[in-house]
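Student:
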Amino acid sequence: MARKPTGRKKAGKQVVTAELPDGLVNEAPVTYPVADTSITALQVYHNPDRRPSGDGPWNDEADKVAWVDAETGLGCIMLRQKNGTISGYVGVGPEHPLFGFEADAVPVGVSNAVHGGVTYGKACEVNRFARVAWGKPRKERYTVCHVNRVRLVQEYRTVQTSEDEFHEDLWWLGFDTAHPGDLVPNGRYGEGRRGDVYRDQAFVYANCIELARKLKSLTEKSSDRATPTREPLGLPAPAERKGE
Numbered sequence: 006m007a008r009k010p011t012g013r014k015k016a017g018k019q020v021v022t023a024e025l026p027d028g029l030v031n032e033a034p035v036t037y038p039v040a041d042t043s044i045t046a047l048q049v050y051h052n053p054d055r056r057p058s059g060d061g062p063w064n065d066e067a068d069k070v071a072w073v074d075a076e077t078g079l080g081c082i083m084l085r086q087k088n089g090t091i092s093g094y095v096g097v098g099p100e101h102p103l104f105g106f107e108a109d110a111v112p113v114g115v116s117n118a119v120h121g122g123v124t125y126g127k128a129c130e131v132n133r134f135a136r137v138a139w140g141k142p143r144k145e146r147y148t149v150c151h152v153n154r155v156r157l158v159q160e161y162r163t164v165q166t167s168e169d170e171f172h173e174d175l176w177w178l179g180f181d182t183a184h185p186g187d188l189v190p191n192g193r194y195g196e197g198r199r200g201d202v203y204r205d206q207a208f209v210y211a212n213c214i215e216l217a218r219k220l221k222s223l224t225e226k227s228s229d230r231a232t233p234t235r236e237p238l239g240l241p242a243p244a245e246r247k248g249e
């Protein structure tokens with residue numbers, strides 16, 4: 006059976022059906038199964054250039070999944086790195102006590118909530134970098150920057166990054182799964198050393214949720230105080246630690 010043409014004439018102009026950006030699976034929020042449950046994913050990307058070669062537990066995994074945790078309301082991302090491992094991130098807003106804190110400034114009680122501790126603390130990537138890198142649009146499929154809704158396919162046709170109206174000013178705290186004992190599929194040891202364990206999406210998801218709960222609890226503790234402070238655990242702000 007012949008396929009119908011993707012375009013149609015209207016008012017003397019050719020109207021072409023927009024296509025999804027390379028790697029993006031969904032146009033609207035979708036149900037994504039993970040860790041014996043399911044989440045409503047705002048973005049699901051497949052990034053073949055980062056996918057480990059050969060068969061493995063990664064076969065049925067997406068390479069970037071963005072969602073809002075139902076219990077805490079915090080944005081979360083699971084993103085595959087170039088080495089084939091998956092990192093997890095949770096975003097907090099300017100009102101959060103740890104907003105602006107670099108990874109090494111995060112209190113131990115929070116950092117220890119995730120595998121290997123918090124190793125990432127940065128602003129949304131579209132806030133930190135120019136929208137165009139090396140003459141090409143920054144691709145949202147690789148960025149740690151949460152959108153608060155899935156954009157229409159037509160909006161992706163001009164640029165593959167979050168416009169100001171589509172994302173919040175978030176600070177991302179995250180962790181990685183490339184520590185001793187973790188399997189690094191695309192690492193220097195190839196498929197990994199004997200005894201190494203691949204940290205799959207179920208593992209990363211569980212850690213993301215735990216970090217989200219811990220970060221949310223800090224907001225609740227801060228709101229209970231008569232005089233809220235940006236430093237509920239008595240740590241210096243990042244700028245003060247650096248002597249800036």
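Quick note, the sequence shown lines up with residues 6 to 249 if you use our numbering.
Using N, Cα and C, we set each Cβ at its ideal position, and we do this for glycine too.
1) What number of angstroms, rounded off, separates the C-alpha of V39 from the C-alpha of A110?
2) Output the distance between the C-alpha atoms of K144 and W63, rounded to the nearest integer angstrom.
3) Following the continuous beta strand (DSSP E) through V115, name the residue where it begins and the one where it ends.
4) In angstroms, rounded to a whole number, what distance separates the CA positions of V35 and V70?
5) Determine the closest residue to E130 out of V119, G96, V115, with distance taken between C-alpha atoms.
6) When the Cα atoms are used, what is the spatial distance from N52 to D27?
7) With distances taken between CB atoms, is the gap from T90 to V189 smaller than 7 angstroms?
8) What does a CB cutoff of less than 7 angstroms around T77 pick up in its chain, not counting 5 residues either side in sequence?
9) Determine, using beta carbons only, whether F180 and G114 come nearer to each other than 7 angstroms.
10) On the DSSP bridge list, what partners appear for L216?
11) From the DSSP secondary-structure annotation, give me the bridge partner or partners of A71.
Tutor: Short version:
1) As a first step, residue 39 is located in the sequence shown; it is residue number 34 there, counting from the start. As a first step, residue 110 is located in the sequence shown; it is residue number 105 there, counting from the start. Answer to the nearest angstrom: the Cα atoms are 31 angstroms apart.
2) Translated into positions along the sequence shown, residue 144 becomes position 139. Translated into positions along the sequence shown, residue 63 becomes position 58. When only Cα atoms are considered, K144 and W63 end up about 22 angstroms apart.
3) Numbered from 1 along the sequence shown, position 110 holds the residue referred to as residue 115. Taken as a continuous stretch (DSSP letters only), V115 belongs to no beta strand (DSSP E), being part of the alpha helix (DSSP H) at 113-116.
4) On the sequence shown, residue 35 is found 30 positions in, with the first residue counted as 1. On the sequence shown, residue 70 is found 65 positions in, with the first residue counted as 1. Between V35 and V70, the C-alpha separation is close to 11 angstroms.
5) One-based indexing of the sequence shown puts residue 130 at position 125. With distances taken between CA atoms, E130 lies nearest to G96 out of V119, G96, V115.
6) Locating residue 52 in the sequence shown gives position 47, where the first residue counts as 1. Locating residue 27 in the sequence shown gives position 22, where the first residue counts as 1. Cα-Cα distance, rounded: 9 angstroms.
7) Counted from its first residue, the sequence shown places residue 90 at position 85. Counted from its first residue, the sequence shown places residue 189 at position 184. Contact annotation: T90 and V189 have beta-carbon atoms nearer than 7 angstroms.
8) Taking the first residue of the sequence shown as position 1, residue 77 is located at position 72. So the qualifying residues of the chain are A217, R218, K221.
9) Your numbering for residue 180 matches position 175 in the sequence shown. Your numbering for residue 114 matches position 109 in the sequence shown. With respect to the 7 angstroms criterion, F180 and G114 are not classified as neighbours on the basis of their beta carbons.
10) Numbered from its first residue, the sequence shown carries residue 216 at position 211. In the DSSP output, where bridge partners are listed per residue, L216 has none listed.
11) Residue numbering aside, residue 71 sits at position 66 when the sequence shown is read from its first letter. Per DSSP, Q48, I82.
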